[in-house]
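A short worksheet on the structure shown next.
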Amino acid sequence: MDKYGIFIKDADLTNYNTYGIHTSSKYLIKVNSIDNLVKLIKYLKNENIKYYILGKGSNVILPDTKSDGVIISLELLNEIKIDGNIAYADAGVVLSSFIMMLINNNLGGLESLCGIPGTLGGALYGNAGVKDVCIYDYLVNILVIRDNKLISLEKKDILYSYRDTEFKRNNDIIVGASFKLEENNKEEMLNIVKENRLKRQKSQPFEYKNAGSVFKNPENDYAGRLIEMAGLKGYSVNDAEVSEKHANFIINKGMATSIDIRTLIAHIQKEVYNKFEVELELEQIVIDW
Ligand SMILES: Cc1cc2nc3c(=O)[nH]c(=O)nc-3n(C[C@H](O)[C@H](O)[C@H](O)COP(=O)(O)OP(=O)(O)OC[C@H]3O[C@@H](n4cnc5c(N)ncnc54)[C@H](O)[C@@H]3O)c2cc1C
952 MDKYGIFIKD
962 ADLTNYNTYG
972 IHTSSKYLIK
982 VNSIDNLVKL
992 IKYLKNENIK
1002 YYILGKGSNV
1012 ILPDTKSDGV
1022 IISLELLNEI
1032 KIDGNIAYAD
1042 AGVVLSSFIM
1052 MLINNNLGGL
1062 ESLCGIPGTL
1072 GGALYGNAGV
1082 KDVCIYDYLV
1092 NILVIRDNKL
1102 ISLEKKDILY
1112 SYRDTEFKRN
1122 NDIIVGASFK
1132 LEENNKEEML
1142 NIVKENRLKR
1152 QKSQPFEYKN
1162 AGSVFKNPEN
1172 DYAGRLIEMA
1182 GLKGYSVNDA
1192 EVSEKHANFI
1202 INKGMATSID
1212 IRTLIAHIQK
1222 EVYNKFEVEL
1232 ELEQIVIDW
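Residues in the sequence shown are numbered consecutively from 952, following the working numbering.
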């Protein structure tokens, strides 16, 4: 499989998930071209080998057990092309680096998303966003591998809503995307990025490993408010703890396992339901190989 990119046996995945769960995989491959990605997927399907695409692992709860399949990383697919106000980036590009490049080219629209960890592929998969802006707002089209073929999907043909997209229910692999941006003042955008960074530092438990918001906000409410009102701030299962700083974050205080995090999530859901009759829906993605 090394003809498709950098191939690693018995790969440690601790640094491939921001919770820092100690887990591993029989194989990890960092594909080195889009062409090779198409070929690799075809090969794995033909051979009936299980595979999983990982971005920066900033929205996933990986299992504690070792994967006996192939983890595919797109981190070597990191081309960015800018032509006027149209910008294309490969899915493996780090979202914040892409946005910084747009800002440096006086291209605006996505600047409030700078600071969301992860790759462009991960952002498009889960429709990453902040209060008033999401990654789809300035999208033109997405390049995906579907049924072993590379195709382009126009924005109007893609189903997406709050932290949800059709990609969560199909097997498409996101390869890259184009955006149509607005001309904007670089200094103003850099100020927005700076302000948002300070806000995140104040409100989020960046001192500990975590994977962002655990639950989606219910309509007209905040998951964090409900969890806090249920008295769960600081509640823990071994090293997995509801953050004192932001109740919708679970932090890894050191050696939290996937089971600890999942047990804590189930407890939060039960307590919030018992108190407020609200079913908290997960934003983070629980993975079983
Ligand atoms: C401190 C912190 C703050 C955060 N703040 C925000 C926020 O403000 N807003 C927000 O929306 N999110 C936020 N998140 C969550 C997270 O950063 C986003 O969901 C991010 O877009 C995930 O990208 P990733 O590359 O890490 O994806 P991963 O976690 O690696 O993967 C997520 C899912 O996407 C799939 N996937 C990834 N790449 C591809 C691809 N190329 N093709 C097909 N499927 C793919 C994976 O298989 C997986 O199911 C935050 C996370 C952290 C840790």
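Every residue, glycine too, gets a C-beta built ideally from N, C-alpha and C.
Span separating the alpha-carbon of residue i from that of residue j
i, j, result
"N1121", "K1017", "24 Å"
"K1167", "E1232", "6 Å"
"S1047", "L1090", "16 Å"
"M1052", "N1225", "47 Å"
"L1025", "G1073", "10 Å"
"A1198", "V1237", "19 Å"
"S1187", "D953", "42 Å"
"I1031", "P1014", "33 Å"
"I1143", "N997", "48 Å"
"K1082", "L1061", "12 Å"
"I1125", "L1075", "8 Å"
"K1137", "G1008", "30 Å"
Top-ranked residue by Cα proximity to residue i, from the options
i, options, result
"I985", "L1013, A1040, I1012", "A1040"
"K1184", "K1082, Q1152, S1209, H1218", "H1218"
"L964", "I1109, G1006, K1150", "G1006"
"L1101", "N1135, L991, E1230, K981", "L991"
"N1010", "K1150, E1158, Y967, R1176", "Y967"
"K1107", "V1095, K1001, Y1087", "Y1087"
"V1084", "I1067, N1056, R1097", "I1067"
"N1092", "I1031, S1129, Y1076", "S1129"
"Y1002", "G1008, V989, D1019", "D1019"
"Y978", "L988, K1119, I959", "I959"
"T974", "V1223, I1216, R1151, A1207", "A1207"
"G1127", "I1178, V1095, M952", "V1095"
"A1191", "T1070, A1162, L1061, G1060", "A1162"
"R1176", "N1136, V1144, V1229", "V1229"
"E1134", "L1141, N1099, L1058, I972", "L1058"
"L995", "D1098, N1029, A1079", "D1098"
"M1140", "I1037, R1213, N1056, I972", "N1056"
"D961", "S976, Y955, G971, I972", "S976"
"G1077", "N1147, A1042, E1105, V982", "A1042"
Residue environment, residue i, which counts as buried when at least 16 other CB atoms sit within 10 Å
i, result
"D1239", "exposed"
"L1110", "exposed"
"H1211", "The residue asked about is misnamed: residue 1211 is Asp in this sequence, not His. Its Cβ being crowded by 16 or more others within 10 Å, D1211 is buried."
"S1164", "buried"
"R1114", "buried"
"Q897", "Outside the displayed span of the chain (952 to 1240) sits residue 897, for which this structure offers no information."
"S1063", "buried"
"S1112", "exposed"
"L1149", "exposed"
"N1203", "buried"
"F1157", "exposed"
"I1205", "Residue 1205 is actually Gly in this sequence, not Ile. It is exposed - the Cβ of G1205 has fewer than 16 other Cβ atoms within 10 Å."
"M1180", "exposed"
"G1035", "exposed"
"E1234", "buried"
"I957", "exposed"
"S1194", "buried"
"I1216", "buried"
"I914", "One cannot answer for residue 914 here, as it falls past the ends of the chain, which runs 952 to 1240."
"K993", "exposed"
Beta bridge counterpart(s) of residue i as assigned by DSSP
i, result
"G1080", "C1085"
"Y1039", "K1032, S1129"
"A1191", "V1188, N1203"
"N1092", "E1105, S1129"
"G1059", "E1133"
"T1070", "V1045"
"S1024", "K981, L1005"
Heavy atom of ligand 2 within 7 Å of residue i beta-carbon
i, result
"T1214", "Ligands present in the displayed structure are limited to ligand 1, and ligand 2 is not among them."
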